[in-house]
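Numbering (this note's numbering), first residue to last: 143 to 533.
Printed below as a string of structure tokens:
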């Protein structure tokens, strides 16, 4: 019996699998999610005003035929730190690293760089941990990564390790490594937790495959069909990450309360997941069409924002504005991001599945590294952030 034939007997998605999903995908990943978007709050720019009279008197650009906001933006790009602290005054509504160190103008890149460095670390992890998990097992590598991440919070680390002791190693990975007795033990545990009738089965490897067959990164490019799939999915992951984090980190520029904007940006993702899961399981839509449709709608939403009149919120523009279209783009790109996780894992055989996922995730982190700098393009031209996301 092969491992896939055993899963209908032990329960393919029973109570135990639901428990594992809640533990791994919800409780533990909440911490990771807060890390990724934390800079949107601690690096937000509070409302501020400037001494326009002093600025106009001291700067030669005051005689140019440009708006005050445009003139101030140009002055910021050349002003030194002491001039900025003298003429710029932040409101007391909230504080951040921007108001603490006056990170505006030609020093605003430091906020984007802080977030970019975080995603650079994720990039390194995506390169190394995908292949390591194929070689040493999913559970060991997951514990290693979490231990390094949570080392300062030793109490949380201890609780997490205790909970993960009850999680078995992946039966599919054990089977792919030829460790059949361990795979059988893991399947027996799943059957017991799902309260299934006890079955006795003996796993056997296919005759045409070596029990120690292992995949490598080069296998993704060795065969023409895998090469095409890998290149396409790498680019798709890059686009999803760039747009997803670009829209998330741009919540401070949508106007209104930044906390409400960030909450709406997160809440809008909730309906995206059941919608995409329903569509990808329909014969008339499927994975590829659903992914293409969501990417198209997301790009269209960003395109429309470029042609909206600025500072006009009456009539139809009270509903169709930059905030609503950004939320629509966030919904569609969240759905697309969810689909690529499922779709990509189905395109690779088990022995190189994690290598393929890691390679695609690596390119998505490149998008994450670039994404923090996208909102800052508004200083050059207000439409440039959306133009990058459309492209």
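Just so you know, even glycine gets a beta-carbon here, dropped at the ideal spot from N, CA and C.
- prompt: Taking the alpha-carbon positions, what's the residue 313 to residue 245 distance?
  reply: 50 Å
DSSP state of residue 278 mapped onto helix, strand, coil: helix
message: Assess contact between the region 246-256 and the region 462-481, defined as three or more Cβ pairs (one per stretch) separated by less than 8 Å. Is contact present?
response: no
- prompt: In whole angstroms, what separates the C-alpha of residue 440 from that of residue 331?
  reply: 43 Å
- prompt: Between the beta-carbon of residue 270 and the beta-carbon of residue 511, is there less than 9 Å?
  reply: no
- prompt: Looking only at its own chain, which residues have a Cβ that is under 6 Å from the Cβ of residue 363, when we skip the five neighbours before and after it?
  reply: 369
- prompt: Under three-state DSSP, which class holds residue 426?
  reply: coil
message: If distances are taken between C-alpha atoms only, which option among 409, 262, 310, 261 comes closest to residue 281?
response: 310
As assigned by DSSP and simplified to three states, the class of residue 123: Coverage of the chain is limited to positions 143 through 533, which leaves residue 123 absent and any answer about it impossible.
message: Along the chain, where does the beta strand (DSSP E) containing residue 230 start, and where does it finish?
response: 230-232
task: Leaving aside the five residues before and after residue 450 along the sequence, list all residues of the same chain whose C-beta is less than 8 Å from its C-beta, in chain order.
output: 459, 462, 463, 464, 467
field: Sub-9 Å separation of residue 400 and residue 183 beta-carbons
entry: yes
task: Give every residue of the same chain whose Cβ lies closer than 6 Å to the Cβ of residue 206, excluding the five residues on either side of it in the sequence, and list them in chain order.
output: Annotation note: pLDDT 41 at residue 206 (below 50); position unreliable, coordinate value reported separately. Cβ within range, chain order: n/a, list empty.
message: Which residue marks the beginning of the alpha helix (DSSP H) containing residue 485, and which one marks its end?
response: 464-489
query: Does DSSP put residue 384 in a helix, in a strand, or in coil?
result: helix
task: With DSSP collapsed to three states, give me the class of residue 365.
output: coil
- request: Could you name the residues that DSSP lists as bridge partners for residue 190?
  value: 232
- request: Decide if residue 494 is buried, meaning its Cβ has at least 16 other Cβ atoms within 10 Å, or exposed.
  value: buried
- request: Pick helix, strand or coil for residue 248, following the three-state DSSP scheme.
  value: helix
message: Beta-carbon within less than 6 Å of residue 343's beta-carbon, same chain only, minus the 5 sequence neighbours each way: which residues are those?
response: 143, 148
message: Given this structure, state the Cα-to-Cα distance separating residue 152 from residue 423, to the nearest angstrom.
response: 23 Å
message: Could you check whether the Cβ of residue 265 sits closer than 8 Å to any heavy atom belonging to the ligand NAP?
response: As for the ligand NAP, it is missing from this structure, which has no ligand bound.
- request: Under 7 Å Cβ to Cβ from residue 219, same chain only, skipping five residues before and after it: list those, please.
  value: 247, 248
- request: Grab me the residues of residue 480's own chain with a C-beta within less than 6 Å of its C-beta, minus the 5 sequence neighbours each way, in chain order.
  value: 415, 418
task: Could you pull the start and end residues of the alpha helix (DSSP H) that residue 149 belongs to?
output: 145-152
field: Alpha-carbon to alpha-carbon, residue 390 and residue 262
entry: 18 Å
- prompt: With distances taken from CA atoms, which of 224, 234, 256, 190 is nearest residue 177?
  reply: 256
message: In whole angstroms, give me the CA-to-CA distance for residue 279 and residue 146.
response: 18 Å
- prompt: Hey, residue 490 and residue 371: beta-carbon distance below 9 Å or not?
  reply: yes
Helix, strand or coil at residue 337 [DSSP, three-state]: coil
- request: Mark residue 235 as exposed unless 16 or more other C-beta atoms lie within 10 angstroms of its C-beta, in which case mark it buried.
  value: exposed
Exposure label - residue 326; buried when at least 16 CB within 10 Å: buried
query: Per DSSP, what kind of secondary structure is residue 295 in: helix, strand or coil?
result: Summary for residue 295: the model assigns pLDDT 47, below 50, so the residue's position carries little reliability; its value from the coordinates is reported in the next sentence. In this structure, residue 295 counts as coil in the three-state DSSP scheme.
query: Out of curiosity, what's the CA-to-CA distance linking residue 346 and residue 338?
result: 22 Å
query: Where residue 186 and residue 238 are concerned, what is the direct C-alpha to C-alpha distance, given to the nearest angstrom?
result: 6 Å
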